[in-house]
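Novice:
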Amino acid sequence: MEEDNVLRRLDFSHLPCDGNSVQVDGRLFISDNIDPVELSGGVPTMDFPVQINDMTIVCLCLAGEATVAVNLNEYRMVNGMMMFILPGNIFQIKSSSSDFSFLFMAVAVDFIGVPVNAPFTMKIIKHILATPYCCLAPNEAEEFVAIYKMMKHKLMQSDFRYKKEVAANYMSVMLYNSYLYFPEESKAGADAVSRQDDIFNKFIRAVEKNYMRERNVKYYADILCISPKYLSTVIHRVSGKYATEWIDNYVILESKALLRGCGMSVKEVCHKLNFPNQSFFAKYFKHHTGLTPREYKNS
Numbered sequence: 001m002e003e004d005n006v007l008r009r010l011d012f013s014h015l016p017c018d019g020n021s022v023q024v025d026g027r028l029f030i031s032d033n034i035d036p037v038e039l040s041g042g043v044p045t046m047d048f049p050v051q052i053n054d055m056t057i058v059c060l061c062l063a064g065e066a067t068v069a070v071n072l073n074e075y076r077m078v079n080g081m082m083m084f085i086l087p088g089n090i091f092q093i094k095s096s097s098s099d100f101s102f103l104f105m106a107v108a109v110d111f112i113g114v115p116v117n118a119p120f121t122m123k124i125i126k127h128i129l130a131t132p133y134c135c136l137a138p139n140e141a142e143e144f145v146a147i148y149k150m151m152k153h154k155l156m157q158s159d160f161r162y163k164k165e166v167a168a169n170y171m172s173v174m175l176y177n178s179y180l181y182f183p184e185e186s187k188a189g190a191d192a193v194s195r196q197d198d199i200f201n202k203f204i205r206a207v208e209k210n211y212m213r214e215r216n217v218k219y220y221a222d223i224l225c226i227s228p229k230y231l232s233t234v235i236h237r238v239s240g241k242y243a244t245e246w247i248d249n250y251v252i253l254e255s256k257a258l259l260r261g262c263g264m265s266v267k268e269v270c271h272k273l274n275f276p277n278q279s280f281f282a283k284y285f286k287h288h289t290g291l292t293p294r295e296y297k298n299s
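Numbering (my numbering), first residue to last: 1 to 299.
Here is the structure:
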């Protein structure tokens, strides 16, 4: 199998280092083209989707527009729209206008120091899993950019010794501020994180790491030291979907990206996703999509 046919994983080592970008400790990357002199005919498009690895990406559109895909769903980014791409998500920049202005941040999950299962982050994560964007009012976008510029100014100082500490604190401010950007229903009851929210978060993280080889609910229940029945009940109560649905969604999404985005054969995808044979994979894929893998690939 040729390496070019594999769904690429995007991590910090792949992010460009140039005069307008800053990377801190290999766990935070920021870049933008906010100043007019830096606009250079939009941003590079991506011929193939990539899978985000061990980071969360935040991108805010400040002018112009761009078409991006998150988990194979297309979104048109316009002024004030902020996109969130979580670890394990499949991402692609399909096009952008010549006047597209943006700021881009990629941050490791553990960089800021705010627990992923903190009450308010749990509510936001569940919103992003369903809708990976929010729309900022002009004053909200202006404040966000102001904080970003102060952080970038400090990080661009070559002789400044405490970049990691300062960056983590600026990012914390932006994270807590971003809580205000989400609909009220996403924040309801966010004053206390429940045991069930914690289970949901740990389950999603386990699925993101293991779905390519494990599709059995019992496997994930064993990781969390609970019964499969209780796991499914909790996941459905928290998210509205059963555990099997979440696992299947990840597998089908990966299958589609490999079949169409990377041009892999049905046999190659079957092997990569640890199915026993092509017939089993074809039945599984058709059950969830209504098409055989070959029909989807050629459609």
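Even glycine gets a Cβ: it sits at the ideal position worked out from N, Cα and C.
Bear in mind that the values here come from a model prediction, so they are computed numbers and not experimental data.
Between Glu-143 and Ser-227, what straight-line distance do the alpha-carbon atoms span, to the nearest angstrom?
Specialist: The straight-line gap separating the alpha-carbon atoms of Glu-143 and Ser-227 is approximately 46 Å.
Novice: Tell me Ser-21's beta-bridge partners as DSSP assigns them.
Specialist: Ser-31
Novice: Going by DSSP, name the residue or residues bridged to Ser-299.
Specialist: DSSP, once it has assigned bridges, lists no residue as partnering Ser-299.
Novice: By how many angstroms is the C-alpha of Cys-134 removed from the C-alpha of Ile-124?
Specialist: 11 Å
Novice: Would DSSP call Glu-74 helix, strand or coil?
Specialist: Residue state for Glu-74 is assigned as strand, using DSSP reduced to three classes.
Novice: Which partner residues of Met-81 appear in the DSSP bridge assignment?
Specialist: Cys-135
Novice: Grab the span of the beta strand (DSSP E) containing Ser-95 for me, first residue to last.
Specialist: Note, Ser-95: beta strand (DSSP E), 90–96.
Novice: So the candidates are Val-50, Arg-76, Val-266 and Asn-210; which of them puts its Cα closest to the Cα of Ser-279?
Specialist: Of all alpha-carbon atoms in Val-50, Arg-76, Val-266 and Asn-210, the one lying nearest the alpha-carbon of Ser-279 is that of Val-266.
Novice: Go ahead and label Thr-131 buried or exposed: buried means 16 or more other beta carbons lie within 10 angstroms of its beta carbon, across all protein chains shown.
Specialist: exposed
Novice: If we call anything under 8 Å between Cβ atoms a contact, is Ser-96 one with Gly-64?
Specialist: yes
Novice: Can you pull the DSSP bridge partners for Ile-57?
Specialist: Ile-85 and Ala-106
Novice: Can you give the Cα-Cα distance for Val-217 and Lys-209, rounded to whole angstroms?
Specialist: 14 Å
Novice: Would you report the Cα separation of Arg-301 and Ile-252, rounded to the nearest angstrom?
Specialist: Absent from the model: residue 301. The displayed extent of the chain is 1 to 299, so no value can be given.
Novice: Distance check for Asn-201 and Leu-180, CA to CA, integer angstroms please.
Specialist: 21 Å
Novice: Contact between the stretch 25–33 and the stretch 68–87 is defined here as three or more beta-carbon pairs at a separation below 8 Å; is this criterion met?
Specialist: no
Novice: In the DSSP output, what is Ser-101 paired with across the bridge?
Specialist: For Ser-101, which the question treats as bridged, DSSP gives the partners Ala-63.
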